[in-house]
Amino acid sequence: MKKKVTAGLLTAAMTAVLLSGCGDSSKSSGGSQEESYTIGIEQFAEHGSLDNCREGFLKGLEEEGIKEGDNLTVEYKNAAADMGTAGQISDSFVSDKVDMICAIATPTAQSAYNAAMDSGIPVIYTAVTDPVAAELADEEGTPAGEVTGTSDKLPVEEQLKMIREMLPDAKKIGIMYTTSEANSVSAIAEYKELVDKYDFELVEKGITATADVSLAADDLLSQVDCITNLTDNTVVASLPTILEKANDKKIPVFGSEIEQVKIGCLAAEGIDYIALGRQTGKMAAKVLKGEEKASEMKFELITEPGFYVNTKVAENLGISVPETLSADAVESFDEITE
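So for the sequence shown, my numbering puts the first residue at 163; every next one is plus one.
Below, the structure is given as structure tokens:
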């Protein structure tokens, strides 16, 4: 594992390196010992899109020659959508002197960077909707420090256009969001700018914790014709609860990515989170190999959304999917995954 070594331990460390050259470590074609790394992966909550980011991240690293079990050790911890836990995880990774922290979702990216900024440990994030609003980058995309990664910014206008096409008579769109998540506040602002263009009225419902979701869903569903989902981590982690309530009222819920459509959202103009994670892994590999510093790399994003639809949900709701949309679907599902 690549770590900083204090002056007092330098001799011992050099001896250990020399001895390890006689062990099982693989060698490069030039005969020098292959570098090995330890990455702390901090995920804010357990749900499909963030899980896919983690899977893609490890794939991206492997494609660049950094493979778990070979030359990579992974420490994985989940904050269970709790900011206090996220802070503890970030501090523990810094204390462990990992070579890099991979932060999945905005709250963990902010937490990890705050913990690591004076340690020299780079933070690579993914699934951060608005790195500028999260104060991880400036308006030009330049990192705030040794921190960079990928954005999962929603294709909001494409989503609204799709909803209007599927629900020509709908008037009110509901959005539930966590008031403390910078990514959600940013997305809400974009929805506000665009809803009039598609003849919708936006109904917002802010929450502060998972415990608020059930009552907030009841209130929101009593006011709207449909719900559209953000990349809000607290809300997405409670999506099964929202879907159950929405289905009882025959109100469609639109997701933000493929996994949400699989489990019961009607449709989404979303991104491929495995591809996003893979893109992040390739960025991380450059930093680990010393090819670039995180502070030299502007954040990246996937620019082309894809249409995903669940025809079983459409059938249950009595909604016809327009041919103009279904013909171009990246993927279509005819069952609801439990």
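Note that the Cβ used here is the ideal one computed from N, Cα and C, for glycine as well.
- Of the other Cβ atoms in all chains shown, 16 or more fall within 10 Å of the Cβ of Asp314; this residue is therefore buried.
- In chain order, Ile335, Gly336, Ile337, Met338, Leu382, Leu383, Ile404, Ala408, Ile413, Pro414, Val415 and Phe416 place their CB closer than 8 Å to the CB of Ile389, counting only its own chain and leaving out the 5 sequence neighbours on each side.
- Following the DSSP letters along the chain, one finds Leu220 inside the alpha helix (DSSP H) bounded by residues Gly210 to Glu225.
- Under the 8 Å Cβ criterion, the stretch 294 to 302 does not count as touching the stretch 238 to 249, having fewer than three qualifying pairs.
- By the C-beta density criterion, Leu377 is exposed, having fewer than 16 other C-beta atoms within 10 angstroms.
- Apart from sequence neighbours up to five positions away, the residues of its chain that approach Ser211 with a beta-carbon distance below 6 Å are Glu419, Glu421 and Tyr435, ordered along the chain.
- Taking 8 Å as the upper bound for CB-CB distance, Glu225 and Lys444 are in contact here, some 7 Å apart.
- Rounded to whole angstroms, the gap between the alpha carbons of Pro284 and Lys460 is 14 Å.
- By the Cβ neighbour-count rule, Gln205 is buried, with 16 or more other Cβ atoms within 10 Å of its own.
- Rounded to the nearest angstrom, the Cβ distance from Ser273 to Ala242 is 13 Å, too far for a contact under 8 Å.
- Taken atom to atom, the span from the alpha-carbon of Leu392 to that of Ala349 is near 7 Å.
- By alpha-carbon distance to Glu319, the top candidate from Ala351, Ile201, Val290 and Cys264 is Ala351.
- As the crow flies, the alpha-carbon of Ile251 is around 47 Å from that of Asp331.
- Taken atom to atom, the span from the alpha-carbon of Ala489 to that of Ile201 is near 42 Å.
- By the neighbour-count criterion, in which 16 or more other beta carbons inside 10 Å mark a residue as buried, Asp496 falls on the exposed side.
- Three or more beta-carbon pairs separated by less than 8 Å are not found between the stretch 299 to 308 and the stretch 355 to 363, which leaves the two stretches without contact.
- Ala491 and Arg326 have their C-alpha atoms some 16 Å from each other.
- Distance between Ala267 and Tyr275, taken at the CA atoms: about 12 Å.
- Excluding the 5 residues flanking it on each side, Leu487 has same chain C-beta neighbours closer than 8 Å at Met324, Glu327, Met328, Ala429, Phe469 and Val471, in chain order.
- Comparing alpha-carbon positions, the option among Asp232, Lys424, Gly282 and Thr270 lying closest to Val256 turns out to be Gly282.
- Between the beta-carbon of Gln441 and that of Glu462 there is about 6 Å, and that keeps the pair under the 8 Å contact cut.
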